[in-house]
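Notes follow once the structure below has been shown.
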Amino acid sequence: MDCSLVRTLVHRYCAGEENWVDSRTIYVGHREPPPGAEAYIPQRYPDNRIVSSKYTFWNFIPKNLFEQFRRIANFYFLIIFLVQLIIDTPTSPVTSGLPLFFVITVTAIKQGYEDWLRHKADNAMNQCPVHFIQHGKLVRKQSRKLRVGDIVMVKEDETFPCDLIFLSSNRGDGTCHVTTASLDGESSHKTHYAVQDTKGFHTEEDIDGLHATIECEQPQPDLYKFVGRINVYSDLNDPVVRPLGSENLLLRGATLKNTEKIFGVAIYTGMETKMALNYQSKSQKRSAVEKSMNVFLIVYLCILISKALINTVLKYVWQSEPFRDEPWYNQKTESERQRNLFLKAFTDFLAFMVLFNYIIPVSMYVTVEMQKFLGSYFITWDEDMFDEETGEGPLVNTSDLNEELGQVEYIFTDKTGTLTENNMEFKECCIEGHVYVPHVICNGQVLPDASGIDMIDSSPSVSGREREELFFRALCLCHTVQVKDDDNPDGPRKSPDGGKSCVYISSSPDEVALVEGVQRLGFTYLRLKDNYMEILNRDNGVERFELLEILSFDSVRRRMSVIVKSAEGDIYLFCKGADSSIFPRVIEGKVDQIRARVERNAVEGLRTLCVAYKRLIPEEYEGICQLLQAAKVALQDREKKLAEAYEQIEKDLILLGATAVEDRLQEKAADTIEALQKAGIKVWVLTGDKMETAAATCYACKLFRRNTQLLELTTKRIEEQSLHDVLFELSKTVLRHSGSLTRDTFSGLSADMQDYGLIIDGAALSLIMKPREDGSSGNYRELFLEICRSCSAVLCCRMAPLQKAQIVKLIKFSKEHPITLAIGDGANDVSMILEAHVGIGVIGKEGRQAARNSDYAIPKFKHLKKMLLVHGHFYYIRISELVQYFFYKNVCFIFPQFLYQFFCGFSQQTLYDTAYLTLYNISFTSLPILLYSLMEQHVSIDVLKRDPALYRDIAKNALLRWRVFIYWTLLGLFDALVFFFGAYFMFENTTVTSNGQIMTTNTHMIFGNWTFGTLVFTVMVFTVTLKLALDTHYWTWINHFVIWGSLLFYVVFSLLWGGVIWPFLNYQRMYYVFIQMLSSGPAWLAIVLLVTVSLLPDVLKKVLCRQLWPTATERVQNGCAQPWDQDSEFTPLASLQSPGYQSTCPSAAWSGSRPQQVTLAVWKGKVSAEPPPAPGCSHRCCSSSPRHGCPGSLVGMLV
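Residue numbers for the sequence shown follow this note's numbering, beginning at 91 and rising by one.
In structure tokens form, the structure reads like this:
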């Protein structure tokens, strides 16, 4: 067989990408082309089934087990379980197998249920009825049975069952309206166009007689890109070739609106549709807590191996003397004596590994998963984050990153629709230097004008009047706005004068604002009918223009154009776009006056567009048509060829004027940014807007302040100086101050030093990201990052979507590895949302694509404040305590077992009963920490919102640093020593009674191995549970029930386990042990004393640290602030550092020790001789409910 054929087949069926062929040919209606036209090559395509589920009935168990055992902890416990089954180990396999089985089962049930829901949704989608044409008749069948090439009929309000090429509709102009809310969330109506040669086919018989083939690109996930062409055969003539683009493609999941029915041919089906290709899962994000957890796990694994090695070596040292190796009561057999020494040592090593394996907490993983899953509901249930206006609440798309919300150091935010409302209002236009404002109010009176135009400059000349009307016509014609007569999801839009009512629909709010604005200035866009655009002029006369070509807007060109033909036969090209893309193409017009007005409006925060035109002669238009047709029918590099054609067409323009549209700042956006900066978070704004507009918005939202010195790193400056010189000059400027003053690593907020803000544009960023020409030291990235670190805020303007992601990635992988958060509301923000550690989508007017691709979604930017400063803070506090507590209680659990080996000849004898080994982490100590990790509030919600500086106390993973981890480990070791040796000294002196029992002489308690182990275990359970009670600040009846209920459950279980003879047990070594132990008074005293001694160091440490080195959070807990039921305000930082300022806080003197690190929040109120009671104080002098510890009591100081 030919090797090349084999290679082709392998590439065709095995390659991850369909690079074996770059296009596909589809035969419309499965009709072969006429003889001689082209070879008929039937191709195989997938059916129309959608599969979003992960498992099937047959592969669920093996696949799920495989995925679960890829987790290191699960695999480790599986190995331990197998070792217990294979060799003779001191503990039963049940002790490892049962917890492992519990974890695996709970996870499998959760994942199985989620996948069952996906199966259910898939089946509902795949079994939907679909109408398609077969032999000239309408036939109905299930969606999953559709094939590529089938002709489908879709009715109004139905969703498209697959990706279709639009052939015809019931509308005469061959258009239809579509909403893509389920794809990108945009509820606005988009207009799609039928193929020119098929739009007249309105019946099933007409469509069935269509003879055509479609050539198009292979499936790819970009929703807004499609390249293809259709060959329509009529008789035996050469086929008519028409280009196909995204305007001809109807996507699966989109809904047909305001159109009775359409016909289309299926080109992509099933998992090849663009919607299915966008199902691809996002890269898995892991939180900093999870990374710390894994590192701690490795440390404890090393400790475990060390313990096993030490015990193995000491065992053979102990047995080096013959009488110890073979005591008289345990003689070895001959085979045991001849056994290989190394094999015996390895078996003993494994046995010790099994004995000490409980130091690795397998149940911690399932507890963490439950905590994250259940805890995520607190965000969705938060009524403060529900937006009444839109009826939207917050969404949690992943619960794996809850605690990461409490660790954010950098926020990257979009501007339009995120910081602003994306609700555009036409403010003014400038024509030939004359400014026009609709209905200017002067002294409370609307200035009279018959045309509705109020001018604030001198009236134009006669030629100026012509330019003025041409400008208004340009705004009425150069757009993609549709007119709808009835209500729509965006609400009706009526003319301001209460006359004609026009509902304008567009995917761009800017376009609607401009068309509405020019309507208020006397020109009304009426409709597009039969390819003619109709407008109503100020004399109430209807003008008709034939729409010849649309040169669509794109983010690279930043402009759009239309070519129209007037009733008199004049051909015009009208172009509108950003000033940076229009001015270089202008050869005539009052550029300087208009440029000055544009810059002035930009400084005021208005969005500006420039409008230009040129008149085309028929010969010139013919050349343009040929140029565009050649580019449109190209299958290869169509976008590049179109861009080149547009570049040739849109030149030598005459400037008409400019428009200004206002996009209002969102409610409380400025307060939110101010609070985030006080929390130590750096905020960067990444936008596609021009520099002046974006800078004005940054001032309005308090990102830049009046005393902020702005540094520019823009293309304009780089043209004057080299990039190298600009970067080093900026570096010298910002580092000159940081050399003498300690700058806060988080935020530039400071009163005694210069505040810097950096502005960079997209072109400058591209130069920075490029390697140097001389190849020295790679690039300028490090120098740029050094400048950024010294700035309190950064504005990146003129940014493309991928550049936004580049910026996030640059900061994310800088040497500090800060935690980043990206927030945006549009499809252009998805790349940075996916790149950041935490991605948040704003459910806004630009659609839901950002919300669907994000980790969390919120209705408004203002909700970010509570999400980070409250929810994030609580999540981090709770889970960090959970992780440290789990390691602590397992050290307490296993270290006494290690010590016990020194007293039993390293014989691998267990200290605890099998039931205690199994249930310690599953039952006795699991529920209290789970409830703590869900409900703990170390300070109240109001205080966290009022004092953002408290967020700094937990920054940089503060509660999971090595210092804290070592403290918890040493605390566990100390407690374990107290448990073991405290119980040991109780049993130090023993006597033998007349019936052969061993009894302690000082306590008269029956002595034995299991009594000793049970006493140690009892003290341990009470200590670790009470330790958690001491750490709890927020007490509810649930906490009381779970904590005291867990202790009660342990006691009841022990009484039943040792007080009843269980028939299913072969031996019952715990029979009557617990009851006998509790019958001794000294045992009760020992339990109380040992628990007290164990808890004492932690109590003393907390008291001393709170008195000598308190954190800001501990000061709030100690009642430094005024009572919580009073309103508070932030005192400006400058006033805190002014000489005449006196703090109302008794402990305010601490601020002098960390002037640059902490922004101290001080509340207005009277100085009280006695500290005010903390909210919910349980002290008898306080009247509020018992929720938090009282600052006036010892307990309040402890917790």
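All C-beta atoms in this analysis are idealised placements derived from N, C-alpha and C, irrespective of residue type, glycine included.
As assigned by DSSP and simplified to three states, the class of residue i
{"i": "Met-215", "result": "helix"}
{"i": "Ser-541", "result": "For Ser-541, the predicted model reports a pLDDT of 39, less than 50, meaning its position is unreliable; a value from the coordinates is still stated below. Residue state, collapsed to three classes: coil."}
{"i": "Ala-657", "result": "coil"}
{"i": "Tyr-500", "result": "strand"}
{"i": "Arg-376", "result": "coil"}
{"i": "Phe-316", "result": "coil"}
{"i": "Val-608", "result": "helix"}
{"i": "Gly-931", "result": "strand"}
{"i": "Glu-639", "result": "strand"}
{"i": "Ile-849", "result": "strand"}
{"i": "Lys-200", "result": "helix"}
{"i": "Asp-753", "result": "strand"}
{"i": "Asn-621", "result": "coil"}
{"i": "Tyr-736", "result": "helix"}
{"i": "Gln-811", "result": "coil"}
{"i": "Leu-190", "result": "helix"}
{"i": "Ile-672", "result": "helix"}
{"i": "Gln-799", "result": "strand"}
{"i": "Gly-868", "result": "With a pLDDT of 47 at Gly-868, under the threshold of 50, the modelled position of this residue cannot be trusted; read the value that follows with caution. Coil, per DSSP."}
Contact check, residue i vs residue j, beta carbons under 8 Å
{"i": "Leu-746", "j": "Leu-1034", "result": "no"}
{"i": "Ile-241", "j": "Val-322", "result": "no"}
{"i": "Leu-706", "j": "Ile-661", "result": "yes"}
{"i": "Glu-969", "j": "Thr-480", "result": "Correcting the residue type first, residue 969 is Ile in the shown sequence and not Glu. No, Cβ-Cβ distance for Ile-969 and Thr-480 is not below 8 Å."}
{"i": "Ala-947", "j": "Ile-930", "result": "yes"}
{"i": "Ala-356", "j": "Gly-239", "result": "yes"}
{"i": "Phe-250", "j": "Ala-344", "result": "yes"}
{"i": "Met-365", "j": "Leu-341", "result": "yes"}
{"i": "Ile-744", "j": "Ala-692", "result": "no"}
{"i": "Asp-1065", "j": "Cys-982", "result": "yes"}
{"i": "Gly-916", "j": "Met-889", "result": "no"}
{"i": "Tyr-1006", "j": "Phe-1069", "result": "no"}
{"i": "Tyr-965", "j": "Gly-496", "result": "yes"}
Those residues which DSSP pairs with residue i across a bridge
{"i": "Cys-228", "result": "A quick correction: the sequence has Leu, not Cys, at residue 228. Answer is Ile-223, bridged to Leu-228."}
{"i": "His-282", "result": "Cys-266"}
{"i": "Pro-333", "result": "Arg-319"}
{"i": "Arg-649", "result": "Gly-667"}
{"i": "Leu-339", "result": "Ile-255"}
{"i": "Gly-747", "result": "Ile-521 and Val-701"}
{"i": "Val-355", "result": "Ile-241 and Ile-255"}
{"i": "Tyr-1161", "result": "In DSSP, Tyr-1161 forms no bridge with anything."}
{"i": "Ile-595", "result": "Gln-572"}
{"i": "Thr-345", "result": "Thr-249 and Thr-269"}
Unbroken beta strand (DSSP E) run spanning residue i, endpoints
{"i": "Trp-774", "result": "772 to 776"}
{"i": "Val-527", "result": "524 to 528"}
{"i": "Asn-512", "result": "510 to 521"}
{"i": "Asp-253", "result": "253 to 259"}
{"i": "Lys-574", "result": "572 to 574"}
{"i": "Thr-423", "result": "Counting along the chain, Thr-423 falls outside any beta strand (DSSP E), and DSSP gives it neither H nor E."}
{"i": "Glu-307", "result": "302 to 307"}
Start-to-end residues for the alpha helix (DSSP H) that takes in residue i
{"i": "Gly-1135", "result": "1127 to 1149"}
{"i": "Leu-168", "result": "162 to 176"}
{"i": "Pro-708", "result": "708 to 722"}
{"i": "Tyr-1057", "result": "1052 to 1076"}
### Task
Counting only runs of 3+ residues fully inside the stretch 1000 to 1039, write out the beta strand (DSSP E) ranges in chain order.
none
### Query
What residue ranges within the stretch 885 to 968 form continuous beta strand (DSSP E) runs of no fewer than 3 residues, ordered along the chain?
910 to 914, 928 to 932 and 946 to 948
### Residue ranges of each alpha helix (DSSP H) within the stretch 451 to 479, 4 or longer
452 to 465 and 467 to 470
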